[in-house]
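Following: one structure in structure tokens, then a few remarks.
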Amino acid sequence: MKMTLRWYGSKYDTVTLEQIRQIPGVTGVITMLYDKQPGDLWTREEIRALKNEVEAAGLRIEGIESVNVSDAIKTGSADRDKDIATYIECLKNLGEEDIHLVCYNFMPVFDWTRTELARKRADGSTVLAYTQEAVDALDPEKMFDSIAGDMNGTVMPGWEPERMAKVKELFELYKGIDNEKLFENLVYFLKAIMPVCNEYDIKMAIHPDDPAWSVFGLPRIIINKENILRLMNAVDDVHNGVTFCSGSYGTNLNNDLPDMIRSLKGRIHFAHVRNLYFHSPTNFEEAAHLSSDGTFDMYEIVKALYDIGFEGPIRPDHGRMIWGEVAMPGYGLYDRALGATYINGLWEAIEKASKRGI
Ligand code: DNO
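Residue numbers (my numbering): 722 to 1079.
Rendered as structure tokens:
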């Protein structure tokens, strides 16, 4: 396991590489070219510049989150093959710069969805939260406006204002795309990129849909064990893998997270570890990483990753906003640093106990 932190680049992130370097045990970052739109080419020069910046701070790029997939690819429209050709070019350039992990998602219109970005918890921290009631009461075109005021002046991934200005058109594009069609388009995309992934040993790691069910009537497919195993079998290549995100699969309380991890042995290339606290199955908020602060047993999650021999990067996921920090909701320094330290502690204890045969 390699402990990492997500970093959005010096132009966008309030957290610096120097700060990340000082979190005990964090050896790398997960990053991206944040200015790129889905369908844009990432040149070798741009990738190298990012890599040089990270390495100058004593860290490594352990993976990209994300090279975003265009709506043409997701909907299978006329431009799909052109966009796939550009995606392949991006992968080639990443491979040539010695980067071998790419996280992506296949969610229509909205990436992850939360209805509040600053719900106050009893300890005074603020967290991202979701209620189904709020989503059901909202016109999807107003979704962005309803949360934009709490973004702390940042541009949140998947919620870029230019993209949100086109929400109506995006909904039109997905008319007629049901779960089966979306799945088919995903398999088409993966089959097309597998040769370049094999050539450069690039592990693709699909991020689950968050929340793990349909929102605003849109299709959602990466939501449970059955569907993710179906995808693994449909393109049965180690380079077709998974980002195991406990906070996303965990939105559905029917998902048994440690069991899912075990069933995906050999195919989990990246892990996002975080905890949620549920008021009801459709009203939850993000908690501190510590098991007792939320609903999940984080020991069991980390133990399952250890047991399957997980060797990829792991990152603490969304943190609470604490100690007066002003940052992108979910992506401040302090609580993610606490999360990294806690996960490292769990890992060390599990590893030592296992080696001693306890
Ligand atoms: C949210 C993130 C997601 C994730 C993408 C992957 O904070 O976990 O935006 O990066 O879905 O493509």
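Built from N, CA and C at the ideal position, the CB exists for glycine as well.
None of these values were measured; they are calculated from a predicted model.
From which residue to which residue does the alpha helix (DSSP H) around residue i run?
i, result
"A933", "Looking at the DSSP string, A933 is not in any alpha helix (DSSP H), and its letter there is neither H nor E."
"Y909", "N900 to Y921"
"F892", "V888 to L894"
"F865", "M864 to A869"
"E818", "Looking at the DSSP string, E818 is not in any alpha helix (DSSP H), and its letter there is neither H nor E."
"T796", "D792 to T796"
"K772", "R765 to A777"
"R781", "Segment R781 to E786 is the beta strand (DSSP E) holding R781; no alpha helix (DSSP H) there."
"P878", "Segment: none, P878 is in no alpha helix (DSSP H) and carries neither H nor E."
"Q740", "L738 to R742"
Report the residue from the options whose alpha carbon sits nearest the alpha carbon of residue i.
i, options, result
"W1044", "G1053, G760 and K732", "G1053"
"K902", "A1058, I1071, A793 and I768", "A793"
"L911", "C824, G1015, K757 and G879", "C824"
"Y851", "P932, L754, P1050 and S1075", "P932"
"G962", "I989, Y1063 and R835", "I989"
"I783", "T1016, W728 and L985", "Just to set this straight, residue 783 is Glu in the shown sequence, not Ile. Considering only alpha carbons, the answer is W728."
"D1038", "R1077, M981 and T964", "T964"
"N996", "L1011, L985, T1003 and P1002", "L1011"
"M864", "M885, G779 and N873", "M885"
"N773", "I949, R801, E862 and L738", "L738"
"S798", "G870, D980, Y909 and D734", "Y909"
"D761", "Q853, M877 and R801", "R801"
"I943", "N826, G1033 and I868", "N826"
"T1003", "R1036, A778, E854 and N789", "E854"
Below 7 Å CB to CB, which residues in the same chain sit around residue i once its five sequence neighbours on both sides are set aside?
i, result
"Y895", "T796, P829, V830 and L939"
"G971", "L978, L997 and F1017"
"A913", "I805"
"S967", "L978, H993, V994, R995, F1017 and I1022"
Does residue i pass the burial test, meaning 16 or more other C-beta atoms within 10 Å, or should it be called exposed?
i, result
"Y1020", "exposed"
"D930", "buried"
"I744", "buried"
"L907", "buried"
"D1056", "buried"
"T807", "buried"
"N954", "exposed"
"V1047", "exposed"
"G1051", "buried"
"H1000", "exposed"
"R835", "buried"
"R951", "exposed"
"N975", "exposed"
"A1008", "buried"
"P1034", "buried"
"D899", "exposed"
"A1058", "buried"
"D734", "buried"
Need the endpoints of the beta strand (DSSP E) that residue i sits in, please.
i, result
"V994", "I989 to V994"
"G962", "N961 to C966"
"K732", "Here K732 belongs to no beta strand (DSSP E), and DSSP marks it neither H nor E."
"E837", "E837 to K841"
"T752", "G749 to T752"
"R1041", "Unbroken run through R1041: none, as it is neither H nor E."
"E1007", "N1004 to E1007"
"K757", "Careful: K757 lies outside any beta strand (DSSP E) and carries neither H nor E."
"L726", "K723 to R727"
Using only the heavy atoms of the ligand MN, determine whether one of them is closer than 7 Å to the beta carbon of residue i.
i, result
"A913", "Within the structure as shown, the ligand MN is missing, the only ligands being the ligand DNO."
So for residue i, helix, strand or coil by DSSP?
i, result
"F1031", "coil"
"I809", "helix"
"K986", "coil"
"I1071", "helix"
"L849", "strand"
"L859", "coil"
"G897", "coil"
"Y998", "strand"
"L1059", "helix"
"N789", "coil"
"R1077", "coil"
"R801", "helix"
"V1023", "helix"
"A955", "helix"
"Y1052", "coil"
"N826", "strand"
"M872", "coil"
Ordered along the chain, which non-local residues of its own chain (more than five positions away) have a Cβ less than 8 Å from that of residue i?
i, result
"Y1027", "M722, W1068, I1071, E1072 and S1075"
"T752", "R727, W728, Y729, G730, L771, V775, I782, I785 and E786"
"G746", "M724, A1061, T1062 and N1065"
"R983", "A1025, D1028 and I1029"
"E818", "R765, I768, R769 and K772"
"G816", "V917, E920, Y921, D922 and I923"
"S969", "W833, H928, P929, D930, D931, P932, A933 and H993"
"V750", "T725, L726, R727, W728, L738, I741, V775, L780, R781, I782 and E783"
"V936", "F831, T834 and V856"
I'd like the list of long-range same chain contacts for residue i, defined as Cβ closer than 6 Å, with 5 residues on each side in sequence excluded.
i, result
"K1024", "I1071"
"E947", "none"
"A839", "T847 and D871"
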